[in-house]
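Quick notes on the structure that follows.
Protein chains: 2
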Amino acid sequence: MPYFDAASSLPPHPVARQALLAALDDGWADPARPHREGRRARMLLDAARETAAEAVGCRPDELTFTPSGTHAVHAGIAGALAGRARAGRHLLVSAVEHSAVLHAATAHRDAGGTAAEVGVDRGGRVAPADVAAALAAAPGGTGLVCVQAANHEVGTRQPVAEIAEVCRAAGVPLLVDAAQSLPWGPEPGAWSLLAASAHKWGGPGGVGLLAVRKGVRFAPARPADERESGRAPGFENIPAVVAAAASLRAFRAEAEAEAARLSELVERMRARVPELVGDTEVVGDPVHRLPHVVTFSCLHVDGEALLHALAVAGFAVSSGSSCTSSTLTPSHVLRAMGVLSEGNVRVSLPPGTTSEDVDRFLAVLPDAVAGVRAQLLPPGAADGPAADPADTADGGAAAFTVDSLGKRCPVPVIELAAHLTRVRVGGVITVLADDAAARLDIPAWCAMRGQEYLGEAPHEGGPGTAYRVRRAA
Amino acid sequence: MPYFDAASSLPPHPVARQALLAALDDGWADPARPHREGRRARMLLDAARETAAEAVGCRPDELTFTPSGTHAVHAGIAGALAGRARAGRHLLVSAVEHSAVLHAATAHRDAGGTAAEVGVDRGGRVAPADVAAALAAAPGGTGLVCVQAANHEVGTRQPVAEIAEVCRAAGVPLLVDAAQSLPWGPEPGAWSLLAASAHKWGGPGGVGLLAVRKGVRFAPARPADERESGRAPGFENIPAVVAAAASLRAFRAEAEAEAARLSELVERMRARVPELVGDTEVVGDPVHRLPHVVTFSCLHVDGEALLHALAVAGFAVSSGSSCTSSTLTPSHVLRAMGVLSEGNVRVSLPPGTTSEDVDRFLAVLPDAVAGVRAQLLPPGAADGPAADPADTADGGAAAFTVDSLGKRCPVPVIELAAHLTRVRVGGVITVLADDAAARLDIPAWCAMRGQEYLGEAPHEGGPGTAYRVRRAA
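Residue numbers (the UniProt record's numbering), protein chains in the order written: chain A, 1 to 473; chain B, 1 to 473.
So, in C-alpha cells, the structure goes:
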C-alpha cells in the first residue's frame, strides 16, 4: 500500500533507527554536566552538529538543534527581527510560505511590527525583482525577508540564490525555510538564516535545524535559556538529534540518484493525469521543482471525498482543498497562485517509490475522480450543453442568478456550470456564494472553460459575494 | 561506577527503550492527517496522552506534550499570564524555583509585568502564609503563582496542597513545577497548571508535560500553531512521547518501594556525612524531602575541585557552588536558603542504587574533601588557633582588614578563618571581597563557627564589598 505523503513526513530511515538505538545508551545525560556521562552526551551532540552543519553548508557553531522545524522558523524569525529591531520592524515574506512563517508574521504584526507578502506567479514562483521592489517600497526599514526554498504543497523551487543577492544588496538578511529542500541538497546562495525539519528526511520528529550565519544580528527570544546558544530552550533529545544528523547524511548519499529517478515518475504523472482525468489542472512550476512532488486539482470534485476514495484504493495523499481543512478556506498557496483549489491532490513520493506504484496510482485515479464527481454532478451537468430549452447560442436570458449561498466547495462551481446555458452567449450569470473557495475556483473555472470572469462584488442586500461571469461560448 | 546525578537526568528506563522501538514503525506520520498512517500515529499519541494524564491526575484533554520541561514551564507561565492579563500582571514565584521559572519571570518583567519572589526558610520551604501575605501585598492583581513541588538542588518538598488552597481562596491560579516530584507520585491539591519533564523519570529528552485544568484561563503564546491545543508548536515526536508515557507508568509501578529504599540510603548519608567530614552542613528540609536527593556543603572547599575529585573516584554528582558555574554566582537556591554554598555537593540517587554504592561513596568522600582542602588551606589555618603571636583571647588588634579582592570562592572565607585570630575577642575583622559567594558564605561561616556577623557595606573608596565579623571566641 503506497504512502504518497512524503512531503508531510517520512517513515524513519534505517540509518535513523540505527543511530537512535546506538545513541540511547550514551545520549541521555545532560551535555552541560562535566561528569563522564555528561561528556559522552556532549560528544554525541557535537558530532551530530558537525554532521548536520556539513549537510547544511555552514559552520557547526552556526547551527542549532531545535525541537521542530516550526520552532526553527519561529525562533529564526523572532531572533532576526529582534536583532535588527533598530534597522527596521518590517517583515517581508512570500505569499506561499509555510503556515509557520505566516503565523510568525501575524505574531509580528500583533506585536506592533509590519509585514507584507510578495506574490507569486501562476507556477508559485517568486520573482527576485518583486522582492527588490517590495524592499524598496517597504515602510521604514525591513528587518527580514523570508522565502522558502521549495513549496510544500506544489513543489515549486524558489530562486533563492538570486533573492539572496537582492537581499544582500539591500542589506537585509534572508531566512530560507528549507524544510522540503534540504534533504535533496544544500541550499546555495548567501542566505543568512536557514530552517529545516528532520522528519522530512526520515529523521525523528522533534528535531529541527536553525542555522544563523556569523555576522547576522540575532537576539534570542525570551525567556532566556543557556542551551543551544540560547536559540532553543530545554534539555536536548540527543539520541533524536544524532538520528536526525545521521539520516540526513544517509539521505543525501542517495539523493542525486533518487532525485533523478523520482523526477521521471513525477514527470510521468504530470503528463498523464490530465490525459487520464478530464478537467484537471496540474499546478506548480513545470521546471523549477522538487523531484518528488506533483500536485493537481480536479474540477467538480470534493477534495475530501477524493482523498477518501484514494485512501480506499490504498493511496495516502494530501490535499489543499478547503473541504479537507478545518478552516473552511482553501490552501493559501493555491490562492496565491490563482489556481483551482477544487479536488486538489498533492502526491509526494517517498524514496524507493517504484514505477509500478505510480502506474497503479494512475490506474485507480480516473475511477476515483469519476466516482466522486458522480456523487455531486447531475448527469451531464458539467460536461456539455444541458438539455435546457434555453440552451441555444442566441437564446436564453440576458442575465441569470444562481443562489449557492450556504453550499460548500465544489457545489457553487458545479451550479455555475449547470446553469451557464440559461443565459445566452454574451449574457451574464451571477453566482451568489459564501464559501471561501468560490473566490478562487470560479475564476479558475472560467479560465479552464474559456468563459469571461467579470469579477466579484458584495451581494447587495444579502450575505455572501456575487461572482459575475459572461458566457463566452 | 555509580551515577549519582539522577536529579539532572536518568538513563532510559527499559520500558522507555521498548516503547520507543515499538512506536517507531507506527509513530512517524503526521497525526493530523486523515490517512491510515496519520491515524495510526494519532492513536499512539492519544493513548500516550491518556497514560500520562492518569499519572498526572488530570483529564487527557487537559494534558499537552511539549518539547521539554522548560518549554512546559515557559508556555504554562506565558499562557496563564496572558489568559489573565485583565485580572492582573503580577507574577509571584518562590525564590527557589528552577531557572526556567525565574527566566520566565524576568521575561515577564521585561515585557512590562511585575514579579516578586516569596522567600523560603533555611530548609528551603515556602510558608503558605507567606504566599497569602505576598498575594495580599501584590501591586494590582496577581495573574499567577508558581511554586515547585520539590526542589531540584536540595530535595525539599513544598506544601503544594496548602499553597493551592491559599491561591484558590485568592482566586489566583497556581502553576506547579513538578519536574522532580512527578515520577514519585501525582501532585495532590487543587493546582491549576503543572509542568514536568520526561528525562527525569527515564523517559527520553525532548518531552515535557503541561497540564492546564479546565476552567483555567489560558491564552497560548504566539506564533499560533494548531498542534497540542496550541500550547506546543511543531510536529510531535510521537515515539518519544509514547516512551515518555510508558516509562512514567513503569517508574510509578516501582516508585513506592523504591522511594522507601532510597529514603533510607539518603537518611544514612544525611547522618553520616557530617560525622565523616568536619565543617559540613547538610542542607534541605530534613522531613519534607524527595526520597533520592541529599545535598551538603563543605567549608573551605572549592566545589569544582571536589566534583573533580569525586569523579576521579568514580562518582558523578552535581554542585550548586559558584566555582562550578559559568555565572560565577552561587546557586540562587542556596542563596535563598541562606546556607553555605562552598563545596556544595548534590547527590541524587537513581532507582536501583544499592547500599554498597552509598557506602563506597561515604568511604571515598572524606579523602576527597581532605585532598581538596589541603590544596587550599595553609596547614592548620582553618582548623584551630594559628601560631600567630597575636592569638590570645585578649591579645591581638581591635580591628584588622583582610584584602581578598580578586580571589574566588572559597578563598575569602579561608582567609577570614586564617586571620580571625589577628583580632582580640570582641574585635572586628573586615574582609574585602568581590566574589559573589562571599555574601552567602561569610555569614554561613560565622553561623557554623559561632562568630558574630555584623553585616556588609560597600568598600569605601574601592571595589568590592566589606564584610564585618566580630570575633566571639
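Built from N, CA and C at the ideal position, the CB exists for glycine as well. This structure is a prediction, so every number in the text was calculated from the model and none was measured.
Among the options, the one whose alpha carbon lies nearest that of residue i
| i | options | result |
| --- | --- | --- |
| A:Arg42 | A:Asp30, A:Ala257, A:Glu50, A:Ala52 | A:Asp30 |
| B:Gln180 | B:Asp5, B:Ala129, B:Pro60, B:Lys407 | B:Asp5 |
| B:Arg109 | B:Arg222, B:Ala78, B:Leu209, B:Ala47 | B:Ala78 |
| A:Thr114 | A:Val93, A:Leu432, A:His35, A:Gly124 | A:Val93 |
| A:Pro351 | A:Cys446, A:Glu452, A:Arg252, A:Gly69 | A:Arg252 |
| B:Glu264 | B:Ser355, B:Ala111, B:Gln148, B:Pro220 | B:Ser355 |
| A:Asn151 | A:Arg261, A:Val101, A:Trp445 | A:Val101 |
| B:Ala47 | B:Arg36, B:Asp61, B:His35, B:Asp279 | B:Asp61 |
Test: residue i CB closer than 9 Å to a CB of chain A
| i | result |
| --- | --- |
| B:Val15 | no |
| B:Pro204 | yes |
| B:Tyr3 | yes |
| B:Leu20 | yes |
| B:Ala305 | no |
| B:Asp302 | no |
| B:Asp177 | no |
| B:His199 | yes |
| B:His98 | no |
| B:Gly208 | yes |
| B:Ala309 | no |
| B:Trp184 | no |
| B:Asp403 | no |
Residue range of the unbroken beta strand (DSSP E) whose run includes residue i
| i | result |
| --- | --- |
| A:Thr465 | 465-470 |
| B:His90 | 90-94 |
| A:Arg408 | Taken as a continuous stretch (DSSP letters only), A:Arg408 belongs to no beta strand (DSSP E), as it is neither H nor E. |
| B:Ala211 | 208-212 |
| residue 475 of chain B | In the structure as shown, chain B starts at 1 and stops at 473, and residue 475 of chain B therefore has no counterpart that could be examined. |
| B:Val118 | 114-118 |
| B:Gly340 | Per the sequence shown, residue 340 of chain B should be read as Leu rather than Gly. It is not in any beta strand (DSSP E) - B:Leu340 carries neither H nor E in the DSSP assignment. |
Alpha helix (DSSP H) segment containing residue i, residue limits
| i | result |
| --- | --- |
| A:Thr51 | 36-56 |
| B:His103 | 99-110 |
| A:Pro412 | 411-419 |
| A:Ser355 | 355-376 |
| A:Pro458 | From DSSP, A:Pro458 is part of no alpha helix (DSSP H) but of the beta strand (DSSP E) over 452-458. |
| B:Leu440 | 438-449 |
| B:Thr329 | First-last for B:Thr329: undefined, no H or E at that position. |
| A:Arg231 | First-last for A:Arg231: undefined, no H or E at that position. |
| B:Val15 | 14-24 |
| A:Ala82 | 69-83 |
CB contact below 9 Å: residue i versus chain B
| i | result |
| --- | --- |
| A:Ala52 | no |
| A:Gly450 | no |
| A:Glu153 | no |
| A:His74 | yes |
| A:Pro223 | yes |
| A:Ala115 | no |
| A:His35 | yes |
| A:Pro385 | Here A:Pro385 scores only 44 on pLDDT, less than 50, and its place in the model is too uncertain to base an answer on. |
| A:Gly69 | yes |
| A:Glu236 | yes |
| A:Pro239 | yes |
| A:Arg470 | no |
| A:Leu193 | no |
| A:His103 | yes |
| A:Gly143 | no |
| A:Val425 | no |
| A:Val372 | no |
| A:Pro11 | yes |
| A:Asp25 | yes |
| A:Pro233 | yes |
| A:Trp445 | no |
Along the chain, which unbroken stretches of the alpha helix (DSSP H) at least 4 residues long are found entirely within the region 260-325 of chain A?
-> With a minimum length of 4 residues, the continuous alpha helix (DSSP H) runs that stay inside the region 260-325 of chain A are 303-312.
At a cut of 8 Å, does the region 288-300 of chain B reach the region 341-349 of chain B through at least three beta carbon pairs?
-> Touching, per the Cβ criterion.
Output the residue ranges of the beta strand (DSSP E) runs that lie fully inside the region 122-180 of chain A and measure 3 residues or longer, sorted by chain position.
-> Runs of the beta strand (DSSP E) inside the region 122-180 of chain A: 142-148, 174-177.
Stretch-stretch touch, CB-based, cutoff 8 Å, three pairs: the region 358-373 of chain A with the region 150-167 of chain A | Between the region 358-373 of chain A and the region 150-167 of chain A there are fewer than three C-beta pairs closer than 8 Å, too few to call the two in contact.
The region 458-470 of chain A contacting the region 216-228 of chain B, beta-carbon criterion three pairs below 8 Å = Proximity of the region 458-470 of chain A to the region 216-228 of chain B falls short of the contact definition, fewer than three beta-carbon pairs being nearer than 8 Å.
Taking 8 Å as the threshold, find out whether the region 268-283 of chain B comes into contact with the region 56-74 of chain B through three or more Cβ pairs.
-> Taking one beta carbon from each stretch, the region 268-283 of chain B and the region 56-74 of chain B have fewer than 3 pairs nearer than 8 Å; the two do not touch.
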